[in-house]
Amino acid sequence: MAAFLWAGWWWLAPRKPSDAGGDVHFEERAAAAGCRNVHTKVVLGDAFKNIMPWLSSVGAAVAAADYDNDGYPDLYVTNSGRDDRNHLFHNRGDGTFEDVTDKAGVGCTNVEGGCMHAVWADVNNDGLLDLYVTKWGARNTLYLNKGDGTFQDVSHDAGVDYWGYGNAATFLDYDRDGHIDLLLCNYFAEEVQDPRTGRRVRNDLWHPVTTRVMHETFTHARNGGHKVLYHNRGDGTFEDVTAQSGLNSGLWTLAVGAGDLNNDGWPDLYVANDFGPDELYLNTGATENPPRFRLVIDPHGHPGIGNDWWKGMNVDMGDVNNDGYLDIYVSNVLEKRYKTDEGNMLWLNCADPAAPGGRGFRNIAKVSGTMDGGWGWGCKFADFNNDGLLDIFAENGFVTGDPNQNYWYQIQEMVTQTKNQTMDAADWPAMGNRDLSGHDGKRLFMQIRPEASDSTSNEPRFREVAQRAGIVETFNGRGIAVADFNLDGTLDMYVANQGAPSCYYVNTSFRGKTQRGFLRLLLVGRPDLGVRVGGRVLASTMNAVGARVTVHTRNGIQIREVQGGMGFASQSEYAVHFGIPDLASIERITIQWPSSRVQEVVGSQARALINHHVRWVEGGEALVLNGPGPVQVSLETPRPR
Amino acid sequence: MMRETQSPAVGEAVVTGKKHSPKLWRRVAAIMVVVLAAFAWSRTGILDLPSVPANLTLEATGLSNLGQMKQLNDRIWSAQPLDEPSERSPRLSEAAVLVQRGIAAYRRGETKEAIELMQQGIRLDPNNLVFANAYRMIVFRLRRDLLASARQTSTPTPRVPPELDRQPIVFFEDLDRLHGTRETKLHLAMSWVDEMLLFPALEIKAPSSVQAVELLTRVIDKDNPAYVPALFARGLNHLHRPARLVWPESAKTPPDIAAQDIGRCVAIGRRFNVGSARLRATLALSLGDSYVKAGRVGVAHSWWQIAQNLCHDDDLQAAIRRRYGWQNEEILDRLEDELDRGRSELDRPMTDLALMWN
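The listed protein sequences derive, respectively, from chains A and B. First residue of the first sequence? That's 1 in my numbering, and the numbers climb one at a time after it. First residue of the second sequence? That's 642 in my numbering, and the numbers climb one at a time after it.
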């Protein structure tokens with residue numbers, strides 16, 4: 001009887017969610033692997049001495065990509081200090097990296113200004129990844145990959161040597177013409193008014209004519225830098241199409257991401273801004289040629305997108321609830337003692353009749369357990385334990401100083417008392433060695449898989465496990481690159497820390513254990529295989545930026561989109577990675593190319609790709625790189641998305 | 642014998658009982674009083690209201706003529722023009738007529754004319770709370786609708802028509818410069834609070850709240866220590882400040898500052914027995930909330946119960962029931978959530994002073 005009762009209780013008792021995060025672990029190996037970089041900070045003119053720790057708090061960026069096509073993702077890491085250089089770390093494939101900066105000629109020494117960000121893309125569709133480096137107070141640089149391990153500076157000839165304060169950049173093919181375009185976003189204004197002459201002059205923060213260079217307000221500042229959208233002409237040059245594109249605001253942009261948020265096939269934009277609302281732009285390509293970007297503000301008001309918390313620091317996109325729509329994670333500022341009404345935002349893409357196109361975004365950060373990211377910076381969606389659910393890694397920490405002296409109080413006093421008199425840096429209280437949300441632990445939010453019987457919610461829930469997972473460093477993190485650096489089927493991370501050593505976190509979750517399945521797909525577009533759709537020819541870029549991969553299983557779907565750099569000072573590898581917890585459930589794998597071409601592989605052939613690194617060329621076959629060989633792929637009738 | 646010996650014993654007992662009866666009853670009564678007091682104490686706690694000066698006048702409290710204010714409010718918001726007096730509605734002041742015309746213009750969608758007319762009316766009678774409140778509420782609605790419309794069209798910076806630019810703050814700043822009364826300062830302070838409701842970010846709420854509290858303190862400290870509208874507004878400002886945050890302005894005030902201000906309002910209201918049941922219940926509810934902030938949950942419960950008994954409006958009763966459901970360990974967080982919700986209610990903004998006279 002007791003056994004029956006116990007069995008009945010066991011059967012009926014509510015199930016606890018799986019122990020998310022208990023199975024994920026990382027080891028920090030930057031020094032051992034030879035890819036450690038101690039970031040040097042930018043130092044501006046003495047006029048800004050009182051708040052130099054604040055102003056020199058960005059610049060640690062990382063971009064991962066396989067620049068030499070040997071199959072292993074390499075690393076480009078920035079430094080911002082005067083005369084210091086960036087580093088290109090070549091992945092040897094044996095768990096170590098080699099610094100090949102000098103040979104490659106991409107050191108980009110900070111003789112002028114300071115490097116802030118870097119993004120890889122194949123700008124001339126020659127099959128080799130090129131490199132764009134953005135800077136503060138100096139001209140940005142485009143390095144063309146010559147294919148022999150060296151690069152050539154073609155910035156001026158290409159027309160992308162913009163002078164400004166580039167903190168964010170992403171490559172996207174906004175018009176789907178098969179040539180990768182570039183969106184550059186600047187933080188400080190490029191020009192200021194000279195108080196002596198009244199004229200507009202270059203805003204040189206090393207030799208300033210004024211200290212009135214800061215944001216007008218903490219919430220609605222529009223005196224930041226410009227966005228610049230460069231359209232790739234396909235002949236090695238770019239043209240500035242910002243004015244006609246609709247991206248004309250002067251906000252203080254820290255991060256940008258591109259992805260098809262409304263599933264119309266055209267890449268949309270999310271721009272994370274400091275001191276002002278974030279911007280969500282929908283691409284009008286489905287109805288307009290050439291496409292423009294249309295700003296969309298949440299009709300429901302604060303704190304919806306476009307009316308949010310005025311401190312967007314990072315953006316990443318991923319389908320966190322596996323419903324076929326990209327969701328958005330934006331980092332923000334939360335400090336337990338001083339500012340708790342806001343935090344990181346997890347915008348769930350959901351049906352909303354009041355929103356344009358019937359899709360809107362609902363912030364579920366608080367209920368999902370992903371709101372408290374501290375003073376957030378780079379954040380990434382990734383399936384770290386291959387359970388088929390996207391997790392989130394979130395960096396944080398602003399300025400590390402004396403923990404017994406806090407600058408938060410000064411900021412709040414300034415916010416309270418001065419009412420928008422923030423523009424003059426000279427008015428700011430001296431920071432000295434005060435701490436501002438430094439010394440904080442990072443956040444690894446592992447998604448909890450609800451048991452099948454738990455039908456209370458289909459919204460994702462997370463558990464924070466960073467310490468348990470071995471992520472114990474408390475540096476001020478900035479850029480993150482997620483990639484399977486050692487090709488072991490799990491995603492590793494490289495974190496660029498501000499003014500501190502970088503961290504290379506190798507995923508050791510499945511060491512000595514049976515690994516869950518995975519699929520890693522590197523897509524290669526065929527710009528020459530354009531498809532005529534509605535009077536125009538659509539084509540994919542060589543890196544297939546914007547292509548969408550869907551894995552269909554008996555239990556639902558997972559999607560990934562190829563990204564050309566996403567988020568604050570971050571670029572993850574071009575290959576897309578899926579965790580496949582149940583191999584038998586795989587039904588088919590579909591690729592929607594930017595050209596509008598659709599390809600898919602079904603049944604046993606789809607399952608044959610699992611646990612492999614696969615190179616899939618548009619219109620051709622899927623080539624298993626670490627397995628038996630090519631797999632036949634059925635080519636569907638092209639149809640526009 | 643047995644009977645003889647037993648009877649006196651019984652009789653003695655009875656006699657003894659009769660002899661000690663008053664003392665016993667006194668003891669029983671004392672015990673009952675103590676029990677009842679303990680029960681009452683447990684139910685109501687210490688209400689802890691400040692004393693009200695004996696010589697305080699109703700005029701000094703700002704609560705005089707509430708009935709007339711209600712009538713005036715009803716008439717300026719009515720569709721019947723005030724310059725066409727009927728038998729039951731005698732002709733009113735030129736100021737009232739202008740304000741009423743302004744409201745009519747607002748209803749017709751003629752914003753510019755509405756604003757001008759109302760401003761003219763208020764300038765003629767700057768101390769009239771009813772007029773100033775009507776103006777502030779209309780400007781609030783216009784700005785709220787403007788922001789909503791901008792969101793609908795995804796306009797990042799809504800183009801504010803000149804008549805609404807920096808209103809109503811600029812108008813009340815001018816009015817206060819010219820007249821400088823407690824009423825003009827009160828409305829200037831309330832205009833800052835309106836700003837907090839429309840732009841609910843800490844970076845806007847904080848300086849706006851500081852401005853409002855500074856103005857209200859000037860009113861209260863300058864010969865108006867019992868001016869209820871200012872006391873209540875200042876108390877609410879303190880009540881709505883996040884309790885857990887380290888915030889420079891909070892550090893300058895004691896934790897029971899909100900309870901002090903709102904407690905004085907309640908004490909004054911009780912002394913003069915004025916105000917609608919809803920007004921009194923709202924004050925009692927807010928006082929209860931203030932005691933939560935002060936860490937005195939027992940007293941808070943007492944005031945919520947008083948509020949529950951004072952007014953039976955559905956929304957107020959529901960608000961009180963919600964509060965009863967809060968557990969002690971979460972009570973502060975739940976209260977802050979409740980206050981957040983209250984501030985986000987833009988259809989019935991909490992800064993509408995009509996609560997005083999309605």
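Don't be surprised by glycine CBs; every beta carbon is placed ideally from N, CA and C.
Checklist entry - Going along the chain, which unbroken runs of the alpha helix (DSSP H) with 4 or more residues stay wholly within the stretch 220–287 of chain A? => result 242–245
Item to check | Own chain residues within Cβ distance below 7 Å of residue 452 of chain A, not counting five before or after | outcome: Working through the first sequence from its first residue, we reach residue 452 of chain A at position 452. For residue 452 of chain A, the predicted model reports a pLDDT of 47, less than 50, meaning its position is unreliable; a value from the coordinates is still stated below. Here the set comprises nothing.
Next on the checklist: So, with DSSP's three-state summary, where would you put residue 872 of chain B?
Outcome noted: Position 231 of the second sequence, counted from the start, is the residue given in the question as residue 872 of chain B. Of the three classes helix, strand and coil, the one that applies to residue 872 of chain B here is helix, per DSSP.
Checklist entry - Can you tell me the Cα-Cα spacing of residue 501 of chain A and residue 183 of chain A, whole angstroms? => result Along the first sequence, read from residue 1 onward, the residue named residue 501 of chain A stands at position 501. Along the first sequence, read from residue 1 onward, the residue named residue 183 of chain A stands at position 183. Cα to Cα, the separation comes out at about 29 Å.
Item to check | residue 257 of chain A beta carbon less than 8 Å from that of residue 308 of chain A | outcome: What you label residue 308 of chain A is simply residue 308 of the first sequence in a count that begins at 1. What you label residue 257 of chain A is simply residue 257 of the first sequence in a count that begins at 1. Contact: no.
Checklist entry - Within 10 angstroms of its Cβ, does residue 903 of chain B collect 16 or more other Cβ (buried), or is it exposed? => result As a working mapping, residue 903 of chain B is identified with position 262 in the second sequence. Buried is the call here.
Checklist entry - My guess is that residue 992 of chain B and residue 869 of chain B are in contact by the Cβ rule of under 8 Å, so how many angstroms apart are they, rounded? => result Counting from 1 along the second sequence, the entry for residue 992 of chain B is found at position 351. Counting from 1 along the second sequence, the entry for residue 869 of chain B is found at position 228. Not a contact, Cβ separation roughly 15 Å.
Checklist entry - alpha helix (DSSP H) containing residue 392 of chain A: first to last residue? => result Translated into positions along the first sequence, residue 392 of chain A becomes position 392. Counting along the chain, residue 392 of chain A falls outside any alpha helix (DSSP H), though it belongs to the beta strand (DSSP E) covering 391–396.
Checklist entry - Taking 8 Å as the CB-CB cut-off, is residue 14 of chain A touching chain B? => result Mapped onto the first sequence, residue 14 of chain A falls at position 14. Residue confidence for residue 14 of chain A is low, a pLDDT of 44 falling below 50, so the modelled location carries little weight and cannot support an answer.
Next on the checklist: With a threshold of 8 Å between beta-carbons, can residue 685 of chain B be considered close to chain A, or not?
Outcome noted: If you number the second sequence from 1, residue 685 of chain B lands on position 44. Unreliable placement is indicated for residue 685 of chain B, whose pLDDT of 48 sits below 50; the coordinate value is still reported in the next sentence. Closer than 8 Å: no.
Checklist entry - Is it right to say residue 965 of chain B is buried, meaning 16 or more other beta carbons lie within 10 angstroms of its own, or is it exposed? => result Start at 1 with the first residue of the second sequence, and residue 965 of chain B comes out as number 324. Residue 965 of chain B is exposed by the Cβ-count criterion.
Next on the checklist: Give me the residue from A:532, A:225, A:519, A:207 with the minimum Cα distance to residue 625 of chain A.
Outcome noted: What you label residue 625 of chain A is simply residue 625 of the first sequence in a count that begins at 1. Cα-wise, what sits closest to residue 625 of chain A is A:519.
Next on the checklist: List, in chain order, every chain B residue whose beta-carbon is nearer than 7 Å to that of residue 242 of chain A.
Outcome noted: Taking the first residue of the first sequence as 1, we reach residue 242 of chain A at position 242. Going along chain B, no residue has its Cβ under 7 Å from residue 242 of chain A, so there is no contact; the nearest lies around 16 Å.
Checklist entry - If you draw a straight line from the alpha carbon of residue 985 of chain B to that of residue 789 of chain B, how long is it in whole angstroms? => result For this step, residue 985 of chain B is matched to residue 344 along the second sequence. For this step, residue 789 of chain B is matched to residue 148 along the second sequence. Their backbone Cα atoms lie some 13 Å apart in a straight line.
Item to check | Chain-ordered residues of the stretch 324–343 of chain A with a beta carbon less than 7 Å from chain B | outcome: 337, 338, 339, 340, 341
Checklist entry - At a Cβ threshold of 8 Å, is residue 884 of chain B touching chain A? => result The residue you call residue 884 of chain B lines up with position 243 of the second sequence. Chain A, which has no Cβ nearer than 8 Å to the Cβ of residue 884 of chain B, makes this no.
Checklist entry - What are the boundary residues of the alpha helix (DSSP H) that includes residue 906 of chain B? => result Walking along the second sequence from the start, residue 906 of chain B turns up at place 265. First-last of the alpha helix (DSSP H) with residue 906 of chain B: 898–913.
Checklist entry - Measuring CB to CB, does residue 331 of chain A end up less than 8 Å from residue 344 of chain A? => result Here residue 331 of chain A refers to the residue found at position 331 when the first sequence is read from its first residue. Here residue 344 of chain A refers to the residue found at position 344 when the first sequence is read from its first residue. Contact: yes.
Item to check | Where residue 795 of chain B meets chain A, residues with beta-carbon distance less than 8 Å | outcome: Counting from 1 along the second sequence, the entry for residue 795 of chain B is found at position 154. 294, 295, 296, 297, 306, 356, listed in chain order.
Next on the checklist: Check for me: the beta strand (DSSP E) holding residue 338 of chain A runs from which residue to which?
Outcome noted: Translated into the one-based positions of the first sequence, residue 338 of chain A becomes position 338. No beta strand (DSSP E) holds residue 338 of chain A; DSSP gives it neither H nor E.
Checklist entry - Helix, strand or coil for residue 159 of chain A per DSSP? => result For this step, residue 159 of chain A is matched to residue 159 along the first sequence. It is coil, neither helix nor strand.
Item to check | Coarse secondary structure for residue 568 of chain A, derived from DSSP in three states | outcome: Within the first sequence, the letter at position 568 stands for residue 568 of chain A. In this structure, residue 568 of chain A counts as coil in the three-state DSSP scheme.
Checklist entry - How long is the line joining the alpha carbons of residue 80 of chain A and residue 35 of chain A, rounded to whole angstroms? => result Taking the first residue of the first sequence as 1, we reach residue 80 of chain A at position 80. Taking the first residue of the first sequence as 1, we reach residue 35 of chain A at position 35. Cα-Cα distance, rounded: 17 Å.
Checklist entry - Tell me, which residues are paired with residue 191 of chain A by DSSP? => result The sequence position of residue 191 of chain A within the first sequence is 191, counting from 1. Its beta-bridge partners are A:202.
Next on the checklist: According to DSSP, is residue 801 of chain B part of a helix, a strand, or is it coil?
Outcome noted: Residue 801 of chain B sits at position 160 when you count from the first residue of the second sequence. Residue 801 of chain B: coil per DSSP, three-state reduction.
Item to check | Cα-Cα separation, residue 970 of chain B to residue 847 of chain B | outcome: The residue you call residue 970 of chain B lines up with position 329 of the second sequence. The residue you call residue 847 of chain B lines up with position 206 of the second sequence. Residue 970 of chain B and residue 847 of chain B: Cα-Cα distance of roughly 27 Å.
Checklist entry - Along the stretch 74–87 of chain A, what residues have a CB closer than 7 Å to any CB found in chain B? => result none
Item to check | Contacts of residue 249 of chain A in chain B (Cβ-Cβ under 8 Å) | outcome: Start at 1 with the first residue of the first sequence, and residue 249 of chain A comes out as number 249. Chain B residues near residue 249 of chain A: 797.
Checklist entry - Would residue 219 of chain A count as contacting chain B if we go by Cβ distances under 8 Å? => result The residue given as residue 219 of chain A occupies position 219 in the first sequence. Yes - at least one Cβ of chain B is within 8 Å of the one on residue 219 of chain A.
Item to check | Within 8 Å, strictly: CB atoms of residue 375 of chain A and residue 362 of chain A | outcome: In the first sequence, the residue the question calls residue 375 of chain A occupies position 375. In the first sequence, the residue the question calls residue 362 of chain A occupies position 362. Against a cut-off of 8 Å, the Cβ pair of residue 362 of chain A and residue 375 of chain A comes out as no contact.
Next on the checklist: How far does the beta strand (DSSP E) with residue 316 of chain A in it extend, from its first residue to its last?
Outcome noted: Taking the first residue of the first sequence as 1, we reach residue 316 of chain A at position 316. Looking at the DSSP string, the run of the beta strand (DSSP E) that includes residue 316 of chain A is 314–318.
Checklist entry - Measuring CA to CA, which of A:129, A:611, A:584 is closest to residue 604 of chain A? => result The residue labelled residue 604 of chain A in the question sits at position 604 within the first sequence. Ranking A:129, A:611, A:584 by Cα distance to residue 604 of chain A puts A:584 first.
Checklist entry - Taking DSSP as the reference, what is the three-state secondary structure of residue 634 of chain A? => result Taking the first sequence and counting its residues from 1, one reaches residue 634 of chain A at position 634. If DSSP states are grouped into helix, strand and coil, residue 634 of chain A belongs with the strands.
Next on the checklist: Against chain A, which members of the stretch 838–851 of chain B pass a CB distance test of less than 8 Å?
Outcome noted: 840, 841, 842, 843, 844, 845, 847, 848, 851
Checklist entry - Can you tell me where the alpha helix (DSSP H) with residue 102 of chain A in it begins and where it stops? => result As a working note, residue 102 of chain A is residue 102 in the first sequence. Taken as a continuous stretch (DSSP letters only), the alpha helix (DSSP H) holding residue 102 of chain A covers 101–104.
Checklist entry - Going along the chain, which residues of its own chain have a beta-carbon closer than 7 Å to the beta-carbon of residue 629 of chain A, five neighbours each way excluded? => result As a working mapping, residue 629 of chain A is identified with position 629 in the first sequence. No residues qualify anywhere along the chain.
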